[in-house]
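Novice: Residue numbers for the sequence shown follow the numbering used here, beginning at 1 and rising by one.
Please read through the structure below; I'll follow up with questions.
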Amino acid sequence: MSQKHLKEAFISNLNGTSLLEISIGLSLAPLCLLSRGLLLILYCLHYGKPLSSRTHSLLLDFLVLVSPLLFSCTVLSPVIFFIPIIIAAFCAGMFSKIYSQRKQEPRMAFRQMVKHFQKMPLDPEYIPAITVFRVYINVLTSISILAVDFPQYPRRYAKTETYGTGIMDFGVGAFVFGNGVVCPEVRQKSSVTQPKFSSVAKQFSSIWPLIFLGIGRLLSVKSVDYHEHTSEYGVHWNFFFTLAFVRLAASLLLSVFPKKSSWIVAVNLAVLYQLILNTTSLKMFILHGSNGRDTRVGFLNANREGLLSLFGYLAIYMASVQVGLWLLRRRSSVRGWAEAVRLLLLTVLALFLCLHISQVYVEPVSRRMANLSYCIWVVAHCLMFFICLVVTDLALVFTKLLVRGSSVPCCWDVVQPPSTNEKHELEAVPVRRGGKHMCLISAINKNQLLFFLLANVMTGAVNILIDTIHSKTVFTLCILHLYMFFNCLVMYIMHAKNIVFKFW
1 MSQKHLKEAF ISNLNGTSLL EISIGLSLAP LCLLSRGLLL ILYCLHYGKP
51 LSSRTHSLLL DFLVLVSPLL FSCTVLSPVI FFIPIIIAAF CAGMFSKIYS
101 QRKQEPRMAF RQMVKHFQKM PLDPEYIPAI TVFRVYINVL TSISILAVDF
151 PQYPRRYAKT ETYGTGIMDF GVGAFVFGNG VVCPEVRQKS SVTQPKFSSV
201 AKQFSSIWPL IFLGIGRLLS VKSVDYHEHT SEYGVHWNFF FTLAFVRLAA
251 SLLLSVFPKK SSWIVAVNLA VLYQLILNTT SLKMFILHGS NGRDTRVGFL
301 NANREGLLSL FGYLAIYMAS VQVGLWLLRR RSSVRGWAEA VRLLLLTVLA
351 LFLCLHISQV YVEPVSRRMA NLSYCIWVVA HCLMFFICLV VTDLALVFTK
401 LLVRGSSVPC CWDVVQPPST NEKHELEAVP VRRGGKHMCL ISAINKNQLL
451 FFLLANVMTG AVNILIDTIH SKTVFTLCIL HLYMFFNCLV MYIMHAKNIV
501 FKFW
């Protein structure tokens, strides 16, 4: 068997893992974020000033925000259920140290501090959890697309063949969700009136980089005879095309239907698509082709998975538009965001209940078809991930207020003290956003598409140069760390030089 066929077999016919393991895995990113924030606050407590060295900031961010994710999806995957407990205990120890050594006087009871904290005003124009969500999905995707080709990456985390839930299955849907949350229709102010189909015209001009990237990937893969998982998107289709067409179709729908009703459009799309799958021969066509023997003759047969899964991804995108509109409502206090978290938690519980019913009575999760269960699963887990990030952010805001002058990048700032008449232990010391403190999250966020493209190019280069299937553990970890550090370093240097690649 050739090297190409070996690699194709290595990533084919897989069945995924449990929803619980995916939930545990997703909790690692917020815990890493919390660890990084607490370390920075602890540094400020000990040295009396925030960390200012760009080199040290990059190394800290990479070692705390990225490296644990690399280890958890390779050598530490057998003990994945214990890793969040260990990191949480480490965070609790750091918080205890910060709380006991804080220097504000007079001191007040913890319960009283929490009471004052709930009234603290936050910057209503900035929601760091959205930025962190999109960056972490990009980082997790970049890790997985190369790590999956190494034997140390568990097969249960890779994309499933037909049914099942793998971490990479979630990553694809979450990438679409993250794009919808910040789409132009969400960011457009309601007071601004524009021609009905102006957003569609703008999307035409903004998706061409994705089309060109899709064509570039297609030509490069075919020219070097690179290994492909055909049942993922088809013979010619790829994720760049999916993202481009979903964005265009969503803009068209949002020009016809009110933005506030995007969740209704999402539900109707997902349910109608599932009804067609169940009541017609469409499901058999997606799984086995027009002749029932997996033919790839003709453009539709060759790319049936990529083309028909567009309906499911479009439903996810429309749902994320609704989420984005709801998140951008003006909430100017800690209490307001605590109530938002409670509402999101109830929504997640309702979605997981719907997912259970859908899997039992309709059809199991299938990323290949992007069916109803898949859409519900992706939205539920994305909201759960976002909840964890918001809670992490609120915890860091509280801890920052214990140490005067402390700064955590990509985190909320209290805009002013809640009362000017009395002085409390929790005192706001505003820190300007986008200041001199460098941050890996901000660096990747500035050039997200370029980061994803660079990760794809580097993944291809590594696979061409290295026999990944037979790599030893130490070698695999070195390659994955070098690969991710290079990607992050490029983004960090570009951020330091204020270089932003916009193709439109």
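Ideal Cβ positions, reconstructed from N, Cα and C, are used throughout, including at glycine.
Quick caveat, the model's predicted, so the values are computed rather than measured.
Got a sec? Which residues, its chain only, sit under 7 Å from His470 by beta carbon, not counting five neighbours each side?
Specialist: Reading the sequence shown from its first residue, position 470 is the one you call residue 470. Nothing listed; no residue qualifies.
Novice: If I'm right that Leu248 touches Gln203 with Cβ under 8 Å, what's the distance once you round it to whole angstroms?
Specialist: As a position in the sequence shown, residue 248 is number 248, starting the count at 1. As a position in the sequence shown, residue 203 is number 203, starting the count at 1. Here Leu248 really is in contact with Gln203; their C-beta atoms are around 5 Å apart, less than 8 Å.
Novice: Taking all protein chains shown into account, decide if Gln322 is buried (16 or more other Cβ within 10 angstroms of its Cβ) or exposed.
Specialist: Here residue 322 refers to the residue found at position 322 when the sequence shown is read from its first residue. It is buried - the Cβ of Gln322 has at least 16 other Cβ atoms within 10 Å.
Novice: Going by Cα to Cα distance, which pick from Arg293, Ile441, Arg331 and His381 is closest to Ala350?
Specialist: Start at 1 with the first residue of the sequence shown, and residue 350 comes out as number 350. Of Arg293, Ile441, Arg331 and His381, the residue nearest in Cα terms is His381.
Novice: Of the choices Pro124, Thr295 and Tyr374, whose alpha-carbon is the least far from that of Tyr273?
Specialist: Numbered from its first residue, the sequence shown carries residue 273 at position 273. That would be Tyr374, whose Cα lies nearest to the Cα of Tyr273.
Novice: Specify, as a first and last residue, the run of the alpha helix (DSSP H) that His288 falls within.
Specialist: The residue you call residue 288 lines up with position 288 of the sequence shown. Segment Leu282 to His288, the alpha helix (DSSP H) holding His288.
Novice: Leaving aside the five residues before and after Pro84 along the sequence, list all residues of the same chain whose C-beta is less than 7 Å from its C-beta, in chain order.
Specialist: The sequence position of residue 84 within the sequence shown is 84, counting from 1. Answer for Pro84: Ile24, Ser27, Leu28 and Leu31, listed in chain order.
Novice: Using a 10 Å radius around the Cβ and a threshold of 16 neighbouring Cβ atoms, would you call Phe245 buried or exposed?
Specialist: Numbered from its first residue, the sequence shown carries residue 245 at position 245. Phe245 should be labelled buried.
Novice: Are Asn303 and Val235 close, meaning C-beta to C-beta below 8 Å?
Specialist: Here the question's residue 303 lines up with position 303 in the sequence shown. Here the question's residue 235 lines up with position 235 in the sequence shown. For Asn303 and Val235, yes; Cβs fall inside 8 Å.
Novice: If you compare alpha carbons, which of Thr476, Ile387 and Ser406 is closest to Leu40?
Specialist: One-based indexing of the sequence shown puts residue 40 at position 40. Ser406 is the residue among Thr476, Ile387 and Ser406 whose C-alpha sits nearest the C-alpha of Leu40.
Novice: Tell me where the alpha helix (DSSP H) around Cys411 begins and ends.
Specialist: Residue mapping note: residue 411 aligns to position 411 of the sequence shown, counting from 1. Taken as a continuous stretch (DSSP letters only), Cys411 belongs to no alpha helix (DSSP H), as it is neither H nor E.
Novice: Would you report the Cα separation of Met369 and Phe239, rounded to the nearest angstrom?
Specialist: Position 369 of the sequence shown, counting from 1, holds the residue named residue 369. Position 239 of the sequence shown, counting from 1, holds the residue named residue 239. Just so you know, the alpha carbons of Met369 and Phe239 end up roughly 14 Å apart.
Novice: What residues are listed by DSSP as bridge partners for Ser333?
Specialist: Reading the sequence shown from its first residue, position 333 is the one you call residue 333. Bridge partners of Ser333: Pro121.
Novice: If I measure Cβ to Cβ from His495 and keep anything under 6 Å in the same chain, skipping five residues before and after, which residues do I get?
Specialist: In the sequence shown, the residue the question calls residue 495 occupies position 495. Hits under 6 Å: Ala443 and Lys446.
Novice: Please state whether DSSP places Gly16 in a helix, a strand or coil.
Specialist: Position 16 of the sequence shown holds residue 16. Three-state DSSP puts Gly16 in a strand.
Novice: Where do the N-terminal and C-terminal ends of the alpha helix (DSSP H) with Arg102 fall, by residue?
Specialist: Residue numbering aside, residue 102 sits at position 102 when the sequence shown is read from its first letter. Careful: Arg102 lies outside any alpha helix (DSSP H) and carries neither H nor E.
Novice: Residues in its own chain within less than 6 Å of Ile479 by CB, not counting five upstream and five downstream?
Specialist: Position 479 of the sequence shown holds residue 479. Excluding positions up to five away in sequence, the list is empty.
Novice: Write down the C-beta distance between Tyr226 and Gly460 rounded to the nearest angstrom, noting that I regard them as a contact closer than 8 Å.
Specialist: As a position in the sequence shown, residue 226 is number 226, starting the count at 1. As a position in the sequence shown, residue 460 is number 460, starting the count at 1. Rounded, the Cβ-Cβ distance is 6 Å, consistent with contact.
Novice: Using only the alpha-carbon positions, how far apart do Lys189 and Gly324 sit?
Specialist: Position 189 of the sequence shown, counted from the start, is the residue given in the question as residue 189. Position 324 of the sequence shown, counted from the start, is the residue given in the question as residue 324. Roughly 13 Å separates the two Cα atoms.
Novice: Could you please give the first and the last residue of the uninterrupted alpha helix (DSSP H) stretch that includes Ile130?
Specialist: Position 130 of the sequence shown, counted from the start, is the residue given in the question as residue 130. Note, Ile130: alpha helix (DSSP H), Pro128 to Ala147.
Novice: In terms of residues, what are the limits of the alpha helix (DSSP H) holding Thr74?
Specialist: Your numbering for residue 74 matches position 74 in the sequence shown. No alpha helix (DSSP H) holds Thr74; DSSP gives it neither H nor E.
Novice: Is Leu42 near the ligand PLP, in the sense that its beta carbon is under 7 Å from a heavy atom of that ligand?
Specialist: Judged by which ligands are present, the structure shown has none, so any question about the ligand PLP falls away.
Novice: Among the residues of its own chain, which have a CB less than 7 Å from the CB of Ser231, if the five just before and after it don't count?
Specialist: Sequence index remark: in the sequence shown, residue 231 carries index 231 (1-based). Here the set comprises Glu161, Glu305 and Arg368.
Novice: Would you report the Cα separation of Leu34 and Ser206, rounded to the nearest angstrom?
Specialist: Residue numbering aside, residue 34 sits at position 34 when the sequence shown is read from its first letter. Residue numbering aside, residue 206 sits at position 206 when the sequence shown is read from its first letter. Going by the C-alpha atoms only, they are around 35 Å apart.
Novice: To the nearest angstrom, how far is the alpha carbon of Met491 from that of Phe451?
Specialist: The sequence position of residue 491 within the sequence shown is 491, counting from 1. The sequence position of residue 451 within the sequence shown is 451, counting from 1. Roughly 7 Å between the two C-alpha positions.
Novice: Can you tell me the Cα-Cα spacing of Leu440 and Asp413, whole angstroms?
Specialist: The residue labelled residue 440 in the question sits at position 440 within the sequence shown. The residue labelled residue 413 in the question sits at position 413 within the sequence shown. Rounded to the nearest angstrom, the two C-alpha atoms are 18 Å apart.
Novice: Over the uninterrupted alpha helix (DSSP H) stretch that includes Ile167, give me the two end residues.
Specialist: For the purposes of this step, residue 167 is taken as the residue at position 167 of the sequence shown. Segment Ile167 to Val181, the alpha helix (DSSP H) holding Ile167.
Novice: Val500: buried (16+ other C-beta within 10 angstroms of its C-beta) or exposed?
Specialist: Along the sequence shown, one-based indexing puts residue 500 at 500. Exposed is the label assigned to Val500, since fewer than 16 other Cβ atoms lie within 10 Å of its Cβ.
Novice: On the DSSP letters alone, give me the boundaries of the alpha helix (DSSP H) that Cys375 sits inside.
Specialist: For the purposes of this step, residue 375 is taken as the residue at position 375 of the sequence shown. Residues Leu372 to Lys400.
Novice: Starting from the Cα of Leu345, find the closest Cα among Leu389, Gly93 and Met458 and give me that residue.
Specialist: Counting from one through the sequence shown, the residue named residue 345 turns up at place 345. The shortest CA-to-CA distance from Leu345 to any of Leu389, Gly93 and Met458 is the one to Leu389.
Novice: Which stretch, first to last residue, makes up the alpha helix (DSSP H) that contains Ala109?
Specialist: As a working mapping, residue 109 is identified with position 109 in the sequence shown. Annotation for Ala109: no alpha helix (DSSP H) segment contains it, and DSSP assigns it neither H nor E.
Novice: Tell me the rounded alpha-carbon separation between Gly214 and Arg342.
Specialist: Counted from its first residue, the sequence shown places residue 214 at position 214. Counted from its first residue, the sequence shown places residue 342 at position 342. About 40 Å.
Novice: Are at least three pairs of beta-carbons, each pair with one atom in the stretch 168-188 and one in the stretch 249-259, less than 8 Å apart?
Specialist: yes
Novice: Taking contact to mean 3 or more Cβ pairs, one atom from each stretch, closer than 8 Å, check whether the stretch 323-338 and the stretch 111-123 are in contact.
Specialist: In short, these stretches touch, since the Cβ pair count reaches three.
Novice: Measure the C-alpha to C-alpha separation of Glu339 and Phe485 and round it to an integer number of angstroms.
Specialist: The residue given as residue 339 occupies position 339 in the sequence shown. The residue given as residue 485 occupies position 485 in the sequence shown. C-alpha of Glu339 to C-alpha of Phe485: approximately 38 Å in a straight line.
Novice: In the DSSP assignment, the alpha helix (DSSP H) including Tyr273 goes from what residue to what residue?
Specialist: One-based indexing of the sequence shown puts residue 273 at position 273. It spans Ser262 to Thr279 - the alpha helix (DSSP H) in which Tyr273 sits, taken as one unbroken run.
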